[in-house]
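A.B. asks: Can you read through this structure? Questions will come right after.
Numbering (the numbering used here), first residue to last: 757 to 1092.
This is the structure in structure tokens:
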């Protein structure tokens, strides 16, 4: 039997997930959709030739008897409301990042899930499902390079739009590193600092770009992450782990090496969707399989909360120029 899904939000990522669940993944069926723009929701249903009902709002969709699990892919500030409603209804929910736009909102979700007594929430951090990151973690966990001492990372985009602001380098861009590096190291952050190098002439007047984020973990690992969202040349994700006895580096995406015109070259991706498309497939299939087996896994509400706490500290550090403590409460036993 296919898992019957309801999707809240039919923007770009919502449409992509609806297509994925309807045409690519196993054992799932989208039976309900909604969006603040109901005409768009109806158009998505028609374009993808779905047998799905368009509901007037997210709450109506969550309450629908035939909806067994929810995908929240709506505007970020609406996520908290719909995830809490799904928990109240006892229905598993996959929520694209952010889990909530504030750490306080994430904590409300954590508390609601703990009170419910069973994990229902998976957060849409896709990098732990990426083949390259999984291979890197396997090397770290094996002890082959000893204990991790330092990480050198980069998150580069070719360009961003006019609505992209300095704090979004944290909340929209670095947030992926804040999650995946905790997962890689099985460690939490204790402090953060943000420094600004010379500004790129390609950055808009209101945007400070690039930025370097310096993180310290509870076990003393030091991390530097370059966030450069107007690098021009491509979408480029780097992660190098310096251990006691060796160095491990995130593999590059597989590309054909070309010898032509007196040059030896490899193409560089330009779009984040191309870089992580397989990881999106794997993470949603894991959610579907987990719900059908009665056990939601993957990045948890606590992981979403931890990333939000670190992000808040990063924004404080952007504004103050100081080293800021990351004050994460003790993790509930509920989350292992």
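Ideal Cβ positions, reconstructed from N, Cα and C, are used throughout, including at glycine.
Where does residue 924 fall in DSSP's three states?
C.D. replies: For the purposes of this step, residue 924 is taken as residue 168 along the chain shown, with counting starting at 1. Of the three classes helix, strand and coil, the one that applies to residue 924 here is helix, per DSSP.
A.B. asks: When we look at the beta-carbon of residue 979 and count the other beta-carbons within 10 Å, is it buried (16 or more) or exposed?
C.D. replies: By 1-based counting over the chain shown, the position of residue 979 is 223. By the neighbour-count rule (16 or more Cβ atoms within 10 Å), residue 979 is buried.
A.B. asks: Report all residues from its chain with a CB closer than 7 Å to the CB of residue 873; omit the five preceding and five following residues, and keep chain order.
C.D. replies: Taking the chain shown and counting its residues from 1, one reaches residue 873 at position 117. Counting only Cβ-Cβ distances below 7 Å, and skipping sequence neighbours, we find nothing.
A.B. asks: Quick one: what's residue 915 bridged to in DSSP?
C.D. replies: As a working note, residue 915 is residue 159 in the chain shown. Answer is none; residue 915 lacks a bridge partner.
A.B. asks: With residue 999 as the anchor, note down where its beta strand (DSSP E) starts and where it stops.
C.D. replies: Locating residue 999 in the chain shown gives position 243, where the first residue counts as 1. Looking at the DSSP string, the run of the beta strand (DSSP E) that includes residue 999 is 992 to 999.
A.B. asks: Confirm, please, whether the CB-CB distance from residue 1074 to residue 950 is below 7 Å.
C.D. replies: Position 194 of the chain shown holds residue 950. Position 318 of the chain shown holds residue 1074. Contact: yes.
A.B. asks: By the three-class DSSP mapping on this structure, what secondary structure does residue 850 have?
C.D. replies: Taking the first residue of the chain shown as position 1, residue 850 is located at position 94. The answer is strand: DSSP assigns residue 850 an E or B state.
A.B. asks: What number of angstroms, rounded off, separates the C-alpha of residue 867 from the C-alpha of residue 858?
C.D. replies: Mapped onto the chain shown, residue 867 falls at position 111. Mapped onto the chain shown, residue 858 falls at position 102. So the two alpha carbons sit approximately 14 Å from each other.
A.B. asks: Figure out for me which residue from 782, 759, 835 has the closest Cα to the Cα of residue 791.
C.D. replies: For the purposes of this step, residue 791 is taken as the residue at position 35 of the chain shown. If you compare the alpha carbons of 782, 759, 835 with that of residue 791, the shortest gap goes to 835.
A.B. asks: Going by DSSP, which residues form a beta bridge with residue 947?
C.D. replies: Here residue 947 is taken as the residue at index 191 of the chain shown, counted from 1. According to DSSP, residue pairing for residue 947 in a beta bridge involves 972, 1081.
A.B. asks: Please determine if the region 876 to 891 and the region 781 to 796 are in contact, where contact requires at least 3 C-beta pairs separated by less than 8 Å.
C.D. replies: no
A.B. asks: What are the start and end residues of the alpha helix (DSSP H) that includes residue 984?
C.D. replies: Here residue 984 refers to the residue found at position 228 when the chain shown is read from its first residue. First-last for residue 984: 978 to 984, but that is the beta strand (DSSP E), not the alpha helix (DSSP H).
A.B. asks: At 4 residues or longer, and completely inside the region 1016 to 1076: list those alpha helix (DSSP H) runs for me, N to C.
C.D. replies: 1028 to 1031, 1033 to 1049, 1057 to 1076
A.B. asks: Would you call the region 895 to 902 and the region 842 to 853 in contact, with 3 or more CB pairs under 8 Å?
C.D. replies: no
A.B. asks: Pick from 977, 1056, 959: whose alpha carbon is nearest that of residue 944?
C.D. replies: By one-based count along the chain shown, residue 944 stands at place 188. For the residues 977, 1056, 959, the minimum Cα distance to residue 944 belongs to 977.
A.B. asks: Where do the ends of the beta strand (DSSP E) carrying residue 761 lie?
C.D. replies: As a first step, residue 761 must be located in the chain shown, where it is residue number 5. Segment 759 to 764, the beta strand (DSSP E) holding residue 761.
A.B. asks: Going by other Cβ atoms of all chains shown within 10 Å of its Cβ, with 16 needed for buried, is residue 1055 buried or exposed?
C.D. replies: Working through the chain shown from its first residue, we reach residue 1055 at position 299. Flag for residue 1055 reads buried.
A.B. asks: On the DSSP bridge list, what partners appear for residue 906?
C.D. replies: Taking the chain shown and counting its residues from 1, one reaches residue 906 at position 150. Residue 906 is bridged to 978, 998.
A.B. asks: Check whether the Cβ atoms of residue 991 and residue 913 sit closer than 7 Å, and answer yes or no.
C.D. replies: Counted from its first residue, the chain shown places residue 991 at position 235. Counted from its first residue, the chain shown places residue 913 at position 157. A contact, by the Cβ cut-off of 7 Å.
A.B. asks: The beta strand (DSSP E) that contains residue 937, what's its start and end?
C.D. replies: Position 181 of the chain shown holds residue 937. Careful: residue 937 lies outside any beta strand (DSSP E), inside the alpha helix (DSSP H) at 931 to 941.
A.B. asks: Does the region 815 to 825 come close enough to the region 757 to 765 that 3 or more CB-CB pairs lie under 8 Å?
C.D. replies: yes
A.B. asks: With a 10 Å radius around its C-beta and 16 neighbouring C-beta atoms as the bar for buried, classify residue 1083 as buried or exposed.
C.D. replies: Numbered from 1 along the chain shown, position 327 holds the residue referred to as residue 1083. Classification for residue 1083: exposed.
A.B. asks: Taking the straight line between their C-alpha atoms, what separation do you get for residue 849 and residue 1016?
C.D. replies: To locate residue 849, count along the chain shown from 1; it is residue 93. To locate residue 1016, count along the chain shown from 1; it is residue 260. Taking the straight line from one Cα to the other gives about 49 Å.
A.B. asks: Please name the residue, chosen from 906, 804, 917, that lies closest to residue 1001 on a Cα-to-Cα basis.
C.D. replies: Residue mapping note: residue 1001 aligns to position 245 of the chain shown, counting from 1. Of the candidates 906, 804, 917, the one whose C-alpha sits nearest the C-alpha of residue 1001 is 906.
A.B. asks: Counting C-beta neighbours from all protein chains within 10 Å, is the total for residue 981 16 or more, i.e. buried, or is it exposed?
C.D. replies: As a first step, residue 981 is located in the chain shown; it is residue number 225 there, counting from the start. Of the other Cβ atoms in all chains shown, 16 or more fall within 10 Å of the Cβ of residue 981; this residue is therefore buried.
A.B. asks: I need the straight-line Cα distance from residue 808 to residue 889, nearest angstrom please.
C.D. replies: Along the chain shown, read from residue 1 onward, the residue named residue 808 stands at position 52. Along the chain shown, read from residue 1 onward, the residue named residue 889 stands at position 133. Answer to the nearest angstrom: the Cα atoms are 36 Å apart.
A.B. asks: Quick check on the DSSP output: what are the complete alpha helix (DSSP H) runs of length 4 or more inside the region 790 to 872, in order along the chain?
C.D. replies: 794 to 803, 814 to 819, 835 to 844, 859 to 872
A.B. asks: Between the beta-carbon of residue 851 and the beta-carbon of residue 870, is there less than 7 Å?
C.D. replies: Looking up residue 851 in the chain shown gives position 95. Looking up residue 870 in the chain shown gives position 114. No, these two residues do not count as a Cβ contact at 7 Å.
A.B. asks: Which of helix, strand or coil does DSSP assign to residue 880?
C.D. replies: Translated into the one-based positions of the chain shown, residue 880 becomes position 124. Note: residue 880 maps to strand in three-state DSSP.
A.B. asks: Excluding the five sequence neighbours on either side, which residues of its own chain have a C-beta within less than 7 Å of the C-beta of residue 933, listed in chain order?
C.D. replies: Position 177 of the chain shown, counting from 1, holds the residue named residue 933. Only 909, 911, 981 meet the Cβ criterion.
A.B. asks: Name the DSSP beta bridge partners of residue 1004, please?
C.D. replies: As a working mapping, residue 1004 is identified with position 248 in the chain shown. Partner(s): 997.
A.B. asks: Buried or exposed for residue 854, please, with buried defined as at least 16 other CB atoms from any protein chain shown within 10 angstroms of its CB.
C.D. replies: By one-based count along the chain shown, residue 854 stands at place 98. So residue 854 ends up on the buried side.
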